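Throughout the sequence shown, residue numbering follows our numbering, covering 34 to 107 in sequence.
Remarks on the structure that follows.
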Amino acid sequence: MFEQQKRSRTSDWENIEPSPVIHVRGLPAHTLELDLLKLFEPYGDIREVAMMPHRKQSLVEFVSVADAESFIKK
């Protein structure tokens with residue numbers, strides 16, 4: 034069974050490894066996967082886009098952490 038770790042302090046987040054996944058929220062209801070691909074592709078190769086339209090969110094996974102970081106630093 035998976036153990037759930039509770040993070041209660043901001044300092045606990047300092048040791049988390051970077052991820053190639055970008056969490057996108059607040060998307061307009063009509064947003065398509067193609068819209069996100071056009072937005073994110075200039076920053077690197079994308080492995081997958083997971084749409085959550087009922088939550089107005091998406092997860093965009095780059096092939097590499099470096100590509101995700103290039104988007105974050107834009």
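The beta-carbon is built from N, C-alpha and C at its ideal position, and this holds for glycine as well.
Values in this document were obtained by computation on a predicted structure and should not be read as measured data.
Query - Delimiting residues of the alpha helix (DSSP H) encompassing V98 - result: V98 to I105
**Report entry** Range of the contiguous beta strand (DSSP E) that encloses L60
**Finding:** Note, L60: premise wrong, no beta strand (DSSP E); not H, not E.
Requested in this report: Count the other C-beta atoms from every protein chain shown that fall within 10 angstroms of the C-beta of A101, then say buried if there are 16 or more, exposed otherwise.
Outcome: buried
Query raised in the report: Excluding the five sequence neighbours on either side, which residues of its own chain have a C-beta within less than 7 Å of the C-beta of M84, listed in chain order?
Result: E66 and S91
Query - Of the listed residues Y76, H63, P51 and S52, nearest to S103 (C-alpha basis) - result: Y76
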